[in-house]
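**Q** For the sequence shown, the numbering used here begins at 141 and goes up steadily by one. The structure follows.
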Amino acid sequence: MEQQELVEETGESAFDTGGRPAKLYRFRHHVLDETEVARTKLPLARA
Numbered sequence: 141m142e143q144q145e146l147v148e149e150t151g152e153s154a155f156d157t158g159g160r161p162a163k164l165y166r167f168r169h170h171v172l173d174e175t176e177v178a179r180t181k182l183p184l185a186r187a
């Protein structure tokens with residue numbers, strides 16, 4: 141998801157995770173709008 145630039149860091153962390161702090165990310169909705177305008181599909185990630 142990061143390589144496809146679908147998410148971006150918020151610059152904040154969650155400390156109530158029960159372990160080490162977790163970086164928080166947000167979904168980039170405008171990426172989907174751009175792919176619709178260009179009529180392209182996002183590449184599928186391979187496991």
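From the three backbone atoms N, C-alpha and C, an ideal C-beta is built for every residue, glycine too. Since we're looking at a predicted model, the values are computed, not measured.
(1) Between E148 and the rest of its own chain, which residues show a CB-CB distance below 7 Å, the 5 nearest in sequence each way excluded?
(2) Bridge partners for F167 per DSSP, in chain order?
(3) So, under 8 Å CB-CB, E152 and V171 are touching, yes? Tell me the CB distance rounded to an integer number of Å.
**A** In terms of the structure at hand:
(1) Y165, R166, R168
(2) V147
(3) 21 Å between Cβ atoms; not a contact.
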